[in-house]
Each structure stands twice: as C-alpha cells, then as structure tokens.
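Contents: one structure, followed by commentary.
Numbering (our numbering), first residue to last: 3 to 152.
Given below as structure tokens:
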C-alpha cells in the first residue's frame, strides 16, 4: 500500500471510530437532535421539542452505560449489548422487554450497582417502551406504505 493509500485508510478508520462517550458528547448530540426537531417541526412551540437536558434526566442512563463499559467483563458486556440489540430490533415490544429484562438481570447478577442502575432506568417506566414501540411501528408502516406507492 502506498503512503497516500495508507493515509487514506487511516483517515477512513478515524472517521469510522466510535467517539468517546462523555457527558459533553452526549449533551452536544442531544442538543443537535433538539435543534433538528425544532427545524423539522416549526409549527410546534419550543416547549414541545424541549428535551429538558438541563434537568439531568439522562444522567442515570449515562452512568449505567459508563459502568457497564468500564467495569463489566467483556463477555458480559457483549451479551448485554446483544440482548439490547435484540430488544431494539423487536421494536421495543413488551415481549422483547420481558426477554431483555430477564437476560439483563441474569447477566448483571453479582454486579449490584449495574443491576440497580438497570432497574432504575431501563425498567423504571415500561410505558416509555410502549410509546417507543408504537412510534417505531408507525414509522415502519409509513415507510412500507411509501415503498408500495413507488
């Protein structure tokens, strides 16, 4: 590989690298999402698209993510991430939440702080996941209808 090819390859790898997950990174990304919501929904009032980031609602989930990444054995972390991915792929359904909860509790047994944070964040309000399920299904149906109409 030539020097130019090597540099190009390194640039591509750098562009694909996952950014460090910090409070600052999360807040910057969340602020971008909030701005996008405002731009996409100009008819809504600012309070309707306010993610209320200053309230810190996101901090326990951030703490859970950091704890999982920094203190769990890699095999446990990998299995937990796979279980979470299955939950997302299943569009946050109640059945998938039940399965994810069982798997996560088994994986986090013996990791008391991670289990406590998991239960107090992910499992605190199952109604949130019902809303996510409704939202993802509606988006999927809209996408499917648009595809059929082409």
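Ideal Cβ placement from N, Cα and C applies to all residues, glycine included.
Quiz item: So what's residue 93 in DSSP terms, helix, strand or just coil?
Solution: For the purposes of this step, residue 93 is taken as residue 91 along the chain shown, with counting starting at 1. Coil, per DSSP.
Quiz item: Okay, do the region 76 to 95 and the region 46 to 62 touch, 3+ Cβ pairs below 8 Å being the bar?
Solution: no
Exercise. State the DSSP-derived secondary structure class of residue 24, mapped to helix, strand or coil.
Key: Counting from one through the chain shown, the residue named residue 24 turns up at place 22. It is coil, neither helix nor strand.
Quiz item: Which residue's Cα is closest to the Cα of residue 52: 62, 38, 72, 64?
Solution: Start at 1 with the first residue of the chain shown, and residue 52 comes out as number 50. Of the candidates 62, 38, 72, 64, the one whose C-alpha sits nearest the C-alpha of residue 52 is 38.
Quiz item: In terms of residues, what are the limits of the alpha helix (DSSP H) holding residue 50?
Solution: On the chain shown, residue 50 is found 48 positions in, with the first residue counted as 1. Segment: none, residue 50 is in no alpha helix (DSSP H) and carries neither H nor E.
Quiz prompt | Residue from 40, 108, 151, 100 with nearest C-alpha to residue 78 | solution = The residue labelled residue 78 in the question sits at position 76 within the chain shown. Comparing Cα-Cα distances from residue 78 to each of 40, 108, 151, 100, the minimum goes to 108.
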